[in-house]
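One structure is given below, encoded as structure tokens.
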Amino acid sequence: MAEVAPAPAAAPAKAAKKKTSKPKKAGPSVSELIVKTVAASKERSGVSTAALKKALAAGGYDVEKNKVRVRTAIKSLLTKGTLVHTKGTGAAGSFKMSKIKLNINCLCCDENLEECINFFIFI
């Protein structure tokens with residue numbers, strides 16, 4: 001009689017690997033570094049992207065390794081209104097700080113509404 005081969009044993013279930021997250025680096029974010037650099041500039045026409053990258057590199061930030069982060073930080077600061085273009089489009093060109101910053105707390109308070117309106121009229 002023919003012998004029937006036994007069914008292969010089921011492979012033991014692998015233990016699920018726990019994901020270990022890397023700790024966040026201490027220090028300011030790229031956006032904060034860019035804002036500080038542009039705010040410190042005395043140039044009337046603003047700071048160019050190349051000059052901005054040089055200043056970040058001089059401050060100890062690895063621009064070559066993180067050039068995508070620098071570009072996305074510049075774009076996000078432009079969309080937020082923190083930076084304004086003086087030349088160029090996108091993340092290229094020159095940038096300077098925005099003059100108008102809205103104070104959301106001022107707009108929400110009924111007490112300071114008159115002061116807030118006068119503030120925006122005279123700008």
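Just so it is clear: in the sequence shown, position 34 is 34 by UniProt numbering, and no numbers are missing.
Just so it is clear, CB atoms sit at the ideal spot from N, CA and C, and this is done for glycine as well.
Straight-line Cα distance separating residue j from residue i
i, j, result
"Arg44", "Val38", "11 Å"
"Ala16", "Lys22", "19 Å"
"Ser94", "Thr86", "5 Å"
"Gly60", "Ser76", "22 Å"
"Glu64", "Glu32", "18 Å"
"Val84", "Leu56", "19 Å"
"Ala51", "Lys25", "25 Å"
"Thr72", "Lys36", "17 Å"
"Asp62", "Ile74", "16 Å"
"Leu78", "Ile34", "11 Å"
"Lys14", "Ala91", "46 Å"
"Lys27", "Thr20", "Lys is not the amino acid found at residue 27; the sequence shown has Gly there. Approximately 21 Å, taken between the alpha carbons."
Beta-ladder partner(s) of residue i, from DSSP
i, result
"Ser48", "Ser94"
Buried versus exposed, by CB contacts within 10 Å (16 or more), residue i
i, result
"Val47", "buried"
"Ser98", "exposed"
"Val68", "exposed"
"Ser29", "exposed"
"Lys53", "buried"
Residue i - DSSP class collapsed to helix/strand/coil
i, result
"Val84", "strand"
"Val4", "coil"
"Val63", "coil"
"residue 128", "The requested residue 128 is not part of the displayed model; the chain covers only 1 to 123."
"Ser41", "coil"
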